[in-house]
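Participant: In our numbering, the protein residues as written are 14 to 148.
#1: What is the DSSP secondary structure of residue 152, reduced to helix, strand or coil?
#2: Taking the alpha helix (DSSP H) that residue 22 falls in, what are its first and last residues?
#3: Give the straight-line distance between the Cα atoms of residue 17 and residue 62, rounded to the nearest whole angstrom.
#4: When DSSP builds the beta bridges, which residues end up paired with residue 63?
#5: Between the Cα of residue 125 and those of 76, 99, 54, spot the shortest distance and give me the residue it belongs to.
#6: I'd like the list of long-range same chain contacts for residue 69, defined as Cβ closer than 6 Å, with 5 residues on each side in sequence excluded.
#7: What do you get for residue 71, buried or exposed, if any count of 16 or more other CB atoms within 10 angstroms of its CB means buried?
#8: Decide if residue 137 is buried, meaning its Cβ has at least 16 other Cβ atoms within 10 Å, or exposed.
#9: Report, in whole angstroms, the separation of the C-beta atoms of residue 79 and residue 114, which I expect to be a contact under 8 Å.
#10: Give the list of continuous beta strand (DSSP E) stretches no shorter than 3 residues that lie fully inside the stretch 112-141.
#11: Counting along the chain, where does the beta strand (DSSP E) carrying residue 50 start and finish?
#12: So, for residue 31: in the same chain, excluding its five sequence neighbours on each side, which residues have a beta-carbon less than 6 Å away from its beta-carbon?
#13: Tell me whether residue 107, by its Cβ, gets closer than 7 Å to a heavy atom of the ligand SAH.
Take a look at the structure:
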């Protein structure tokens, strides 16, 4: 497994998640990742709430990090399908998404992610199926 610094370096190439959205990797392990985001004005929708796509991007990025602990040295796992459930609006200005492996097979996997604000409020859940692609 790569170190946290190595994973941050590799996943910095995911420019949409890291540069455009501003997500940072907080923790990572085999089958686990936690990412964070400071909410900016550019993340807000017309209703003055965090845009749903921000929550999804956070969960998808956490899934990518969790499912690729050897990123760069092994085939990459990509998302096959995902489902998001929006539960409530964030009240805090810092969000985290935590992804955990439910099942990791040789080629396919299933992960569950939770998005919370700094108040601990569960904002959304995401389930993702992944597929490990050979190079």
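Ideal Cβ positions, reconstructed from N, Cα and C, are used throughout, including at glycine.
Please read all numbers here as calculations on a predicted model, not as lab measurements.
Facilitator: In brief:
#1: Because the chain is modelled from 14 through 148, residue 152 falls outside the range shown and cannot be assessed.
#2: 17-24
#3: 31 Å
#4: 57
#5: 76
#6: In the same chain as residue 69, and ignoring 5 residues on each side of it, the C-beta atoms closer than 6 Å to its own belong to 97, in chain order.
#7: buried
#8: buried
#9: 6 Å
#10: Here the runs fully enclosed are 121-130.
#11: 45-51
#12: 25
#13: Within the structure as shown, the ligand SAH is missing, as the structure has no ligands at all.
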